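Structure first, commentary second.
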């Protein structure tokens, strides 16, 4: 609908919100209001960035929330006197575009750029204060040319390599996936298909070279990133400290290295287990008899049909096959039979483990299943504090023998706990910590091991067998060399899609583009072939925040002077679903750019804000569920400002918001009241505010004092609630007090407009103009509160229920905690909102806040 009317204006008057939006959006575009200043601008700088959208159709309500929050922060810092960079672009390569194009028989380019145009129009209608002069699309050759430059820079530094190995294969999309793109249930985050293992030759980034820095530098982000995200990153990197132990293999010249976190238990190793899908297993079984080889091949086929999740399930029955080979224990000299078992993964450690069944549950389950030896080497009943053991005797003075250790074979339970070493030669009597240190000392002295670390993190597999991505800038020569495409020939552009079959078939469609794939060897000039794979789209988004600094630069990815002026990002806003993939890769590439001398910082995002999801009736919105609320529909129905205010008021930033609880109608009425009071102000600009009503002035200045802190703490819903309170106070002063000419009314309305610019910028601009001012309100500096007006007699206490503001109470500034809680619990509005739910927790911060948690 084209107009939103409100009885708050008058019975005969309507507010054409779309006309107001169009008016001010045209003004902003004409004046380039939100363009970041250049190097001549001496104001302090802030870089505010929301995660950029993927163009898969129009924007959804999650986008509406994300860009609202970044816009609130960007507008806030402008009002605080900062030069703000707030750019936008599109993450426009990737499988969704290609799959949609295949389904429609279209070119991925057409589908992608049509969707970008639609989303761009919606963002402009939403009034987000983006610097539209810095737009980028990662599918533009002008952008992905620098992906290729970055790839070659990393290749020269030894951070890019190509190898054969088992990879995660999506059988639907027919492409490989990085470990991070496989969900916990073993399915693809892309297609939802069960991921299988497939042996391919692929390109990798050596992110594991940066594992320690990626882990340790998280300490820099404490308090600035959500704790949940920091912990997720730590868990994913997963550093383990222990030792690499070299085992001799009978009949093999090269030793096999095993990583263990418990080298102290080496005397308890009674067999070795290798991953069936490892090269080592295939090699070891190759000298076995025909029957053993046949059993191994059958077992390998079964293993390859299983997901990693299935293989790691501790409750599964243990299976395996002997390989007919033996390893030698480097401390005891004992012969250990070697088995292949699916509970060992080829890409963890070195693909082999020393099995200590008495002290590891998985090894014990395997040993019991196949009747293998179990030897206890840690007395878990012995004291480990260094105290003298108590010697017990009976009444006749006879020594009472301690109870024997429980047999893991009989109980079926391993003994992983602390204790004293037994059955371990020179380690006997030592505690775990001392035994680990001593074992490593022995191994190093004998040349059979060393202290080591291992990580859950694996190198980043970046090649994809699809069309719509950055071509890998390498060529394969006829004599088997791999050479870089010369820098002068970058970008290697994608060919036209119209002559290619883009349907997924296990190999890249680019390999069939004969004219494109055939090139020349940059060294000899002879025939060569381009690499047919494209890069993972997470490469695109791993450094895009730097390209925003110099988007039109044709000579370099970004100007170092621009980087010094703006980077790193001060505030990054986006969903927690990117806590591992995108953020980890961006942190890695930032550290690479630092080591290459291109930036002078090591973390890309100084502060991170994760917003919750917008759901409907308790469920995530989706087309398949039929519960999708369309962003464009809501914009058309309510206008941008009502939508923005309703979302900001709906609850804390990090919480999920159920759309049925988001009141656009209430927001519309509030904005109408704000517009009405601005129209009624009859005093002129420049009036002496000190002569105005002191009660209203106190309300105004308390908000001026509190608002900066509330915004910086992302308590946007509280700021909106306080604005509603201020507008009500203005209305009361006009109706019952001195009237529209009171200087305090003008002061309060001007303050309302300035603060409202964060949430409802079109309405704020309209109010500012009605108050007699020219120019954009977004450029006005917020006023400071008068401390003499902050001495409180009565205050407004905000009552929240599950994070949502439900009531405001006028109470004494000296009210005690118990009385405030009692008033809050008895308030009609609070009682109504709680209904038949139970209050499980009450947090009271007298005299300002009561937060009730109900279930």
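Numbering (this note's numbering), first residue to last: 7 to 861. Virtual Cβ for every residue (Gly too), placed ideally from N, Cα, C. Note that the structure is a prediction, hence the values are computed from the model and not measured.
- In the displayed model, residue 785 falls within a helix according to three-state DSSP.
- Membership of residue 203 in the beta strand (DSSP E) is indicated by the continuous run 202-211.
- Here the stretch 544-552 makes contact with the stretch 594-608; the two share three or more CB pairs at distances below 8 Å.
- Following the DSSP letters along the chain, one finds residue 535 inside the beta strand (DSSP E) bounded by residues 533-536.
- Excluding the 5 residues flanking it on each side, residue 137 has same chain C-beta neighbours closer than 7 Å at 40, 41, 42, 91, 92, 93, in chain order.
- The continuous beta strand (DSSP E) containing residue 490 extends over residues 488-490.
- Residue range 767-776 is occupied by the alpha helix (DSSP H) that includes residue 768.
- Rounded to the nearest angstrom, the gap between the Cα atoms of residue 315 and residue 462 is 14 Å.
- For residue 611, same chain residues with a beta-carbon under 7 Å away, outside a window of 5 residues either side, are 574, 575, 578 in chain order.
- Beta-bridge annotation (DSSP): residue 577 is paired with 54.
- Residue 480 sits in a strand when the DSSP states are folded into three classes.
- By the Cβ criterion, the stretch 480-495 is in contact with the stretch 527-535, since at least three pairs of Cβ atoms, one from each stretch, lie closer than 8 Å.
- DSSP places residue 183 inside the beta strand (DSSP E), whose first and last residues are 181-183.
- Inter-residue distance for residue 343 and residue 161 is about 41 Å (C-alpha atoms, whole angstroms).
- Here DSSP, grouped into helix, strand and coil, assigns residue 175 to strand.
- The criterion of a C-beta distance shorter than 8 Å is not satisfied by residue 699 and residue 759.
- When DSSP states are grouped into helix, strand and coil, residue 745 belongs to the coil group.
- 8 Å or more divides the Cβ of residue 30 from the Cβ of residue 58.
- With contacts defined as CB atoms closer than 8 Å, residue 805 and residue 761 fail to qualify as a contacting pair.
- Beta bridge pairing from DSSP links residue 611 with 575.
- By the Cβ neighbour-count rule, residue 515 is buried, with 16 or more other Cβ atoms within 10 Å of its own.
- Pairing residue 771 with residue 783, the inter-Cα distance amounts to about 6 Å.
- Exclusion of the five residues before and after residue 685 leaves 776 as the residues of its chain whose Cβ lies within less than 7 Å of its Cβ.
- Setting aside the 5 residues that flank it on each side, residue 767 is surrounded in the same chain by 133, each with a C-beta closer than 6 Å to its C-beta; the list follows chain order.
- For residue 546, the uninterrupted alpha helix (DSSP H) run begins and ends at 543-547, by DSSP.
- Using a Cβ-Cβ distance cut-off of 8 Å, the stretch 465-477 and the stretch 176-187 are in contact, since at least three pairs of beta carbons, one from each stretch, lie closer than that value.
- Taken through DSSP and simplified to helix, strand or coil, residue 764 comes out as coil.
- Sequence-distant partners of residue 170 (beyond 5 residues in either direction) whose C-beta falls short of 6 Å from its own C-beta, in its chain, are 207.
- The way I'd put it, the stretch 148-164 doesn't touch the stretch 60-76; fewer than three beta-carbon pairs between them come closer than 8 Å.
- 8 Å or more divides the Cβ of residue 803 from the Cβ of residue 849.
- Sequence-distant partners of residue 230 (beyond 5 residues in either direction) whose C-beta falls short of 8 Å from its own C-beta, in its chain, are 612, 613, 614.
- Residues 235, 239, 611, 614 of the same chain have their beta carbon placed closer than 8 Å to that of residue 589, with the five preceding and five following residues left out of the count.
- Approximately 5 Å separates the beta-carbon atoms of residue 213 and residue 466; this is inside 8 Å, confirming the contact.
- Contact between the stretch 361-368 and the stretch 330-337 is absent: fewer than three C-beta pairs spanning the two stretches fall below 8 Å.
- Classified as exposed, residue 233 has fewer than 16 neighbouring CB atoms from the shown chains inside 10 Å of its CB.
- Residue 457 has its alpha-carbon roughly 12 Å from the corresponding atom of residue 451.
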